[in-house]
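This report concerns only the one structure given below.
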């Protein structure tokens, strides 16, 4: 599902450096990304693909037009699990270094 988040809106997601990425995700400008900021940022692809705005990506709304339907809640739960893996120091926030590293 992480791939879905990156593939759906390339113009929105393009950044030149990790610090740029952090700045875009960091809605409250505190220099770190909390789980809510992460979920909101990474959910843009789901929202863009949910053409009928029913909170579910049906097969025809998924890349390739097939696959198991997924709810927005399921999508955000998967993203939260990814966030937790990336939060190596366990402080509940992602630093630029943690954002740049692949999930553990």
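Numbering (my numbering), first residue to last: 1448 to 1551. Positions of the beta carbon are idealized from the N, C-alpha and C atoms, including for glycine.
Inter-residue CB distance, residue i and residue j (contact presumed, cutoff 8 Å)
{"i": "residue 1473", "j": "residue 1479", "result": "7 Å"}
Buried or exposed by the 16-neighbour rule on C-beta atoms within 10 Å, applied to residue i
{"i": "residue 1484", "result": "buried"}
{"i": "residue 1492", "result": "buried"}
{"i": "residue 1539", "result": "exposed"}
{"i": "residue 1534", "result": "buried"}
{"i": "residue 1481", "result": "buried"}
6 Å CB neighbourhood of residue i in its chain, flanking five on each side removed
{"i": "residue 1523", "result": "1486"}
For residue i, three-class secondary structure by DSSP
{"i": "residue 1478", "result": "coil"}
{"i": "residue 1546", "result": "helix"}
{"i": "residue 1541", "result": "strand"}
{"i": "residue 1486", "result": "helix"}
{"i": "residue 1469", "result": "helix"}
Option in the options with minimal Cα separation from residue i
{"i": "residue 1514", "options": "1505, 1467, 1520", "result": "1505"}
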